[in-house]
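Asks: Going by the working numbering, the sequence shown opens with residue 140, and the numbers climb by one from there. Next up is a structure, given as structure tokens.
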Amino acid sequence: MALDSQRNLKKLGSPSDLNVPKELVPYLDKRIRSAGSMRLLLNQCIYKRSVLFLIQKQNTGEKILYQKQKLELQRYPFRPFEDDWIELRRLAFLHGVSMCRMFVRLLETDLYPESKFAENPVFETIPSEVIGEQKSHKNTGT
Numbered sequence: 140m141a142l143d144s145q146r147n148l149k150k151l152g153s154p155s156d157l158n159v160p161k162e163l164v165p166y167l168d169k170r171i172r173s174a175g176s177m178r179l180l181l182n183q184c185i186y187k188r189s190v191l192f193l194i195q196k197q198n199t200g201e202k203i204l205y206q207k208q209k210l211e212l213q214r215y216p217f218r219p220f221e222d223d224w225i226e227l228r229r230l231a232f233l234h235g236v237s238m239c240r241m242f243v244r245l246l247e248t249d250l251y252p253e254s255k256f257a258e259n260p261v262f263e264t265i266p267s268e269v270i271g272e273q274k275s276h277k278n279t280g281t
């Protein structure tokens with residue numbers, strides 16, 4: 140058992156990995172330091188449900204989309220909260236993407252809140268608390 144970002148006791152899941160494109164590594168490392176751990180960062184991304192409706196949903200009848208093969212991916216091993224891992228799996232399924240790609244989309248939605256930076260443009264009316272630092276990075280293949 141451990142405390143999530145809202146200070147609630149949550150059950151830890153088994154060891155897991157997320158692969159993130161190297162272009163997002165500095166941003167992800169900063170977010171991990173800010174959150175306290177990768178587990179808490181995933182919890183915050185899942186908890187911040189207001190941005191999830193902004194991510195374009197795929198047709199679930201199509202095959203699962205993975206990250207592009209030629210990306211230089213950085214592996215992040217961690218032990219997520221069980222409920223968060225289940226929710227990430229559910230979101231990935233609903234959007235027709237892999238869990239790693241869904242996590243990267245959550246990060247990109249936070250990093251690139253303006254539609255001109257997003258691969259799948261998001262609405263212009265994003266709550267101000269969602270908009271963090273705005274950087275212009277290359278598309279990370281999600």
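The beta-carbon is built from N, C-alpha and C at its ideal position, and this holds for glycine as well. Predicted model only: the values in this text are computed from it and were never measured.
Per DSSP, what kind of secondary structure is S176 in: helix, strand or coil?
Replies: Correct three-state label for S176: coil.
Asks: Quick one: any contact between the segment 210-226 and the segment 161-169, if contact means 3 or more CB pairs under 8 Å?
Replies: Touching, per the Cβ criterion.
Asks: Have a look at K209, E221, D223 and L180 and flag the residue whose alpha-carbon is nearest the alpha-carbon of P160.
Replies: It is K209.
Asks: If you count every other CB in all the chains shown that lies within 10 Å of the CB of N182, and 16 or more means buried, which is it?
Replies: So N182 ends up on the buried side.
Asks: Restricting to Cα atoms, I'd like to know which of V243, D222 and S173 is closest to N158.
Replies: Among V243, D222 and S173, the Cα nearest to that of N158 belongs to V243.
Asks: Quick one: give me the first and last residue of the alpha helix (DSSP H) that F220 is part of.
Replies: Counting along the chain, F220 falls outside any alpha helix (DSSP H), and DSSP gives it neither H nor E.
Asks: Which residues share a DSSP beta bridge with S155?
Replies: DSSP, once it has assigned bridges, lists F217 as partnering S155.
Asks: Could you check what DSSP says for L212 in three-state terms: helix, strand or coil?
Replies: Strand at L212.
Asks: For L163 and C239, I'd like the C-alpha separation in whole angstroms.
Replies: Computed Cα separation, rounded: 13 Å.
Asks: Quick one: residues in its chain with C-beta nearer than 6 Å to the C-beta of I171, no 5 flanking neighbours on either side, listed in chain order?
Replies: Cβ neighbours of I171 beyond the five flanking positions: M177 and L180.
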